[in-house]
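Peer 1: Mind having a look at this structure? Questions to follow.
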Amino acid sequence: MNALRTLVRPTQQSARLLGAQRMFHVGQPRFTGKTVEATNDSFAKLVDKADHPVIVDFYAEWCGPCKMLGPLLEKSVAANPKVTLVKLNVDEAQELAAKFKIAALPTVAAFQNGEIVDQFVGMRNGPQVEQFVKQHAERA
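With full-length UniProt numbering, letter number 33 in the sequence shown gets 33, and the count goes up by one each step, no holes.
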């Protein structure tokens, strides 16, 4: 009986291989319903290669309206788990801000398949933010 258990029980090496296979098939993690801070290096992975709608909050630390809008976006995205909120500090990612022609803050853009499909500039109230996020969550 012990010999049978030994044959059936996976070895440490086979367990690691099985774990590696599982991880291989899982693919990239989905951050839906979450808020993630992006950098120049991580932006493409988080936004361009996402398989779901992504809302990008282009902001700066010194921007008062950005500080008011941020929590509204985070709350709305948490309530709509089919989208991800990616926050990008334009002072630290000037190349990306220039690429997307960010001329005023806050700017919020909805991305689908790596392309901007909708955006707004300036402060919005809670219901307007909720409607914007919900509209793009429904595209998932």
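Just so you know, even glycine gets a beta-carbon here, dropped at the ideal spot from N, CA and C. Predicted model only: the values in this text are computed from it and were never measured.
1. Would a C-beta distance cut-off of 9 Å place L85 and T35 closer than the cut-off?
2. Just the Cα atoms here: how many angstroms apart are E37 and E138?
3. According to the neighbour-count rule (16 or more other Cβ atoms, all chains shown, within 10 Å of its Cβ), is V117 buried or exposed?
4. Counting only runs of 4+ residues fully inside the UniProt domain "Thioredoxin" (17-138), write out the alpha helix (DSSP H) ranges in chain order.
5. Find the nearest neighbour of A93 within the set L69, A78, V56, M123, judged by alpha-carbon distance.
6. Kindly list the residues whose CB is nearer than 7 Å to the CB of V121, restricted to its own chain and excluding five residues on each side of it in sequence; keep chain order.
7. Would T32 be called buried (16 or more neighbouring beta carbons within 10 Å of its own) or exposed?
8. Would you report the Cα separation of E115 and V47, rounded to the nearest angstrom?
Peer 2: So, from the listed chains and residues:
1. Against a cut-off of 9 Å, the Cβ pair of T35 and L85 comes out as a contact.
2. When the Cα atoms are used, E37 and E138 turn out to be separated by approximately 23 Å.
3. exposed
4. 64-79, 94-99, 126-137
5. V56
6. A104, T107
7. buried
8. 9 Å
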